[in-house]
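Structure record follows, encoded as structure tokens.
Protein chains: 2
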Amino acid sequence: MPDRLRGKNVNPDFSLVTYLSERKALVDSALEDNLSGGQNDPPVIFQAIRYSLLAGGKRIRPILCLAAAEVVGGKAEAVLPVACALEMIHTYSLIHDDLPAMDNDDFRRGRPTSHKVFGEDIAILAGDALLTEAFRLLTSRENMPGIPPERLLDVSCEIAEAAGHRGMVGGQVLDIRAEGEAVGLETLYAIHRRKTGALLRVSIRAGAILAGAGEEALAALSDYGGKIGLAFQIADDILNVEGDPLLLGKGTGSDAARGKVTFPALMGIDASRAQAAELVMDAIASLASFDDRAAQLRAIAQYILERRS
Amino acid sequence: MPDRLRGKNVNPDFSLVTYLSERKALVDSALEDNLSGGQNDPPVIFQAIRYSLLAGGKRIRPILCLAAAEVVGGKAEAVLPVACALEMIHTYSLIHDDLPAMDNDDFRRGRPTSHKVFGEDIAILAGDALLTEAFRLLTSRENMPGIPPERLLDVSCEIAEAAGHRGMVGGQVLDIRAEGEAVGLETLYAIHRRKTGALLRVSIRAGAILAGAGEEALAALSDYGGKIGLAFQIADDILNVEGDPLLLGKGTGSDAARGKVTFPALMGIDASRAQAAELVMDAIASLASFDDRAAQLRAIAQYILERRS
């Protein structure tokens, strides 16, 4: 890792663009390392895993995990395997959500979706493999020698809770069932708290817990995580209405065409934008007790509002 | 748990039928307990999980896990959550394998498969949820307070390795790709070592590791596990040729119709039966260093050969 990423006290007016791209490079390289040694795997599943995992995502979840570890005084490198696992879980969920039986999407991150390239059977199995590999990484003691085993267990357990039927999977079920239905704002919140919110929130909590956060710091960071999670989804919905397909790497307008319930559909674009902005302000306010070390988290919250892809 | 299951020194001429049905009841009741409290889940995913998980499987993997813990002096109750997690992983793999994009099976355990009842989308998500829930259970410290966290981590990690692309998922990939191909015995072994063997073997290792097995005992039990894993698959292939569809709860002859590579197809029924018998004898021989406490494991090995469903 470059030296400039090691320091705990980063200048508050640092460049977010540089920071995000350096962090993305760090995560990408760790993901690449974790995918080596696959010579004994059936080649096609290994290709399918790499195809989706190394497709150039923004790596928001891992970056949040690393930043949360640092904000409470930990080191980013120490929690890198957990950060990678979070990205694997996110990627598996995208592969399965894109399947014909689910959202039936042909493009993702500017490329044909996994089932378009490898067939549905391999896409299902690639998702299964990524989810399983995530838990292998989460529970690999030798990768994270400095971290007490109790913390590794607690973080793995929380991540499973957030990813499973009480969290992300449950959110996807609610989302599928809501398509074409008359759904109110309360239900929409419930869908997104689970579907995207739970994993984003646990990404932050994981980094903080692993680095030994105290109760107060953890509560503040959880609050931040819950708020940016919802803001992230509202921003996503807005991008699906008026984003640039070229930047997004996928078509826009698909939510409306599918009769998908979204924030813009329920409250209009302007109110959606205002709500996202308020959530981001609140998220930043949750970080009041942290010093300049929280500059990254503050900037990431702002970025969620302004991102174009 | 009934008192008669608590003793470490079970009579060597105990009734296997009684033992298996008591153990199955113990596992079923623990699975039921672990599925309670789902009132906050979307009802359909919860129904789908219960439908497949409580469909009356033989619970071989959990029973092996409990028996392995006992053979090295541990208590069955102490490892029950891990035993349940193994059954959840097995069940998720069945749900996904049955999908139209994979084996396209309409019946399983005498009932319509998950996607036939709930649709493909919910079946995929139910599998995802079960796999995730398995790792939540595996990493729940409060459920297994007597077990050192290091052991819980190591067992979770081994199970993930056995279930993922290096193990079960990889085996399913090889199996799908071998359909209709001219495949030799070596490839068939490689498929089954991964597809069914890895999870059966790790079920035994998990119970033993959690109960604090020494290196020699663990090596012997791993050897036993590898052998019965392969014998189990050969027996399965034989049942698919000449089993009773009523007892099996699914049609026979499906492997041949699908051009699936099997042991009977490659070496004939008689040689397959002989090979399974030899593996079971070898498996029992691996247990030579254990006393009467290994009576259950010996009997289970024998049962694999003789089972009718």
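In the order they appear, the protein sequences are chains A and B. Per the numbering used here: the first sequence = residues 1 to 309. Per the numbering used here: the second sequence = residues 1001 to 1309. For every residue, glycine included, the Cβ atom is placed at its ideal position computed from N, Cα and C.
Burial state of residue i (16 or more Cβ within 10 Å)
{"i": "residue 1169 of chain B", "result": "buried"}
{"i": "residue 1184 of chain B", "result": "exposed"}
{"i": "residue 29 of chain A", "result": "exposed"}
{"i": "residue 1289 of chain B", "result": "exposed"}
{"i": "residue 145 of chain A", "result": "exposed"}
{"i": "residue 18 of chain A", "result": "exposed"}
{"i": "residue 213 of chain A", "result": "buried"}
{"i": "residue 1246 of chain B", "result": "exposed"}
{"i": "residue 1054 of chain B", "result": "exposed"}
{"i": "residue 257 of chain A", "result": "exposed"}
Own chain, CB closer than 8 Å to residue i, minus 5 neighbours either side, in chain order
{"i": "residue 1160 of chain B", "result": "1135"}
{"i": "residue 1286 of chain B", "result": "1220, 1221, 1223, 1224 and 1227"}
{"i": "residue 131 of chain A", "result": "88, 89, 92 and 163"}
{"i": "residue 1078 of chain B", "result": "1069, 1144, 1146, 1147, 1210 and 1211"}
{"i": "residue 201 of chain A", "result": "162, 222, 225, 226 and 229"}
Other residues of its chain near residue i: CB distance less than 6 Å, five sequence neighbours each side excluded
{"i": "residue 278 of chain A", "result": "none"}
{"i": "residue 282 of chain A", "result": "227"}
{"i": "residue 1208 of chain B", "result": "1068, 1072, 1218 and 1221"}
{"i": "residue 74 of chain A", "result": "211"}
{"i": "residue 10 of chain A", "result": "Confidence at residue 10 of chain A is low in this model, with a pLDDT of 44, below 50, so its placement is unreliable and the value that follows should be read with caution. Cβ within range, chain order: 295."}
{"i": "residue 1052 of chain B", "result": "1091, 1095 and 1114"}
{"i": "residue 272 of chain A", "result": "234, 238, 263 and 264"}
{"i": "residue 1023 of chain B", "result": "1063"}
{"i": "residue 240 of chain A", "result": "252 and 255"}
{"i": "residue 319 of chain A", "result": "The requested residue 319 of chain A is not part of the displayed model; chain A covers only 1 to 309."}
{"i": "residue 280 of chain A", "result": "231, 301 and 305"}
Residue i in three-state terms, based on DSSP
{"i": "residue 263 of chain A", "result": "helix"}
{"i": "residue 1015 of chain B", "result": "coil"}
{"i": "residue 1006 of chain B", "result": "At residue 1006 of chain B the pLDDT is 37, less than 50, meaning the model places this residue with poor confidence and gives no usable figure here."}
{"i": "residue 111 of chain A", "result": "strand"}
{"i": "residue 1143 of chain B", "result": "helix"}
{"i": "residue 298 of chain A", "result": "helix"}
{"i": "residue 287 of chain A", "result": "coil"}
{"i": "residue 75 of chain A", "result": "coil"}
{"i": "residue 148 of chain A", "result": "coil"}
{"i": "residue 90 of chain A", "result": "helix"}
{"i": "residue 195 of chain A", "result": "helix"}
{"i": "residue 24 of chain A", "result": "helix"}
{"i": "residue 1168 of chain B", "result": "helix"}
{"i": "residue 57 of chain A", "result": "coil"}
{"i": "residue 1240 of chain B", "result": "helix"}
{"i": "residue 308 of chain A", "result": "coil"}
{"i": "residue 252 of chain A", "result": "coil"}
{"i": "residue 258 of chain A", "result": "coil"}
{"i": "residue 1042 of chain B", "result": "coil"}
Nonlocal neighbours in the same chain, by C-beta distance under 7 Å from residue i, ignoring five residues either side
{"i": "residue 1175 of chain B", "result": "1191 and 1195"}
{"i": "residue 1156 of chain B", "result": "1135, 1138 and 1139"}
{"i": "residue 1116 of chain B", "result": "1106"}
{"i": "residue 1056 of chain B", "result": "1109"}
{"i": "residue 1031 of chain B", "result": "1053, 1054, 1084 and 1087"}
Reference residue i; option with closest CA among the options
{"i": "residue 284 of chain A", "options": "A:188, A:128, A:153 and A:297", "result": "A:297"}
{"i": "residue 86 of chain A", "options": "A:262, A:230, A:299 and A:206", "result": "A:206"}
{"i": "residue 49 of chain A", "options": "B:1173, B:1229, B:1230 and B:1215", "result": "B:1173"}
{"i": "residue 1252 of chain B", "options": "B:1066, B:1238, B:1267 and B:1261", "result": "B:1238"}
{"i": "residue 266 of chain A", "options": "A:198, A:45, A:126 and A:188", "result": "A:188"}
{"i": "residue 27 of chain A", "options": "A:59, A:122 and A:153", "result": "A:59"}
{"i": "residue 1242 of chain B", "options": "B:1127, B:1015, B:1270 and B:1229", "result": "B:1270"}
{"i": "residue 1229 of chain B", "options": "B:1197, B:1275, B:1102 and B:1260", "result": "B:1197"}
{"i": "residue 1084 of chain B", "options": "B:1179, B:1122 and B:1065", "result": "B:1065"}
{"i": "residue 309 of chain A", "options": "A:110, A:79, A:186 and A:299", "result": "A:110"}
{"i": "residue 125 of chain A", "options": "B:1215, B:1171 and B:1299", "result": "B:1171"}
{"i": "residue 1305 of chain B", "options": "B:1231, B:1291, B:1015 and B:1246", "result": "B:1231"}
{"i": "residue 166 of chain A", "options": "A:193, A:293, A:15 and A:47", "result": "A:193"}
{"i": "residue 104 of chain A", "options": "B:1181, B:1121, B:1103 and B:1104", "result": "B:1121"}
{"i": "residue 1128 of chain B", "options": "A:14, A:119, A:179 and A:97", "result": "A:97"}
Contact set between the stretch 1106-1139 of chain B and chain A, restricted to residues whose Cβ is under 9 Å from the partner = 1115, 1119, 1120, 1121, 1122, 1123, 1124, 1125, 1126, 1127, 1128, 1129, 1130, 1131, 1132, 1133, 1134, 1135, 1136, 1137, 1138 and 1139
Chain-ordered residues of the stretch 153-164 of chain A with a beta carbon less than 8 Å from chain B = 153, 154, 156, 157, 160, 161, 163 and 164
Select from the stretch 1163-1194 of chain B all residues with a C-beta closer than 8 Å to any C-beta belonging to chain A, and list them in chain order.
-> 1163, 1164, 1165, 1166, 1169, 1170, 1172, 1173, 1174, 1176 and 1177
Can you give me, in chain order, the residues of the stretch 1084-1108 of chain B that have a beta carbon less than 7 Å from any beta carbon in chain A?
-> 1096, 1099, 1101 and 1102
Taking a Cβ distance cut-off of 9 Å, strictly less, list which residues of the stretch 1286-1300 of chain B are near chain A, in chain order.
-> none
If you measure beta-carbon to beta-carbon, which residues of the stretch 1069-1082 of chain B are closer than 8 Å to chain A?
-> none
Given a limit of 8 Å on CB to CB distance, which residues of the stretch 1236-1268 of chain B reach chain A?
-> none
Residues in the stretch 20-35 of chain A with C-beta within 9 Å of chain B's C-beta atoms, listed in sequence order?
-> none
Below 7 Å between beta carbons is the criterion; list the residues of the stretch 1199-1215 of chain B that meet it against any residue of chain A, in chain order.
-> none
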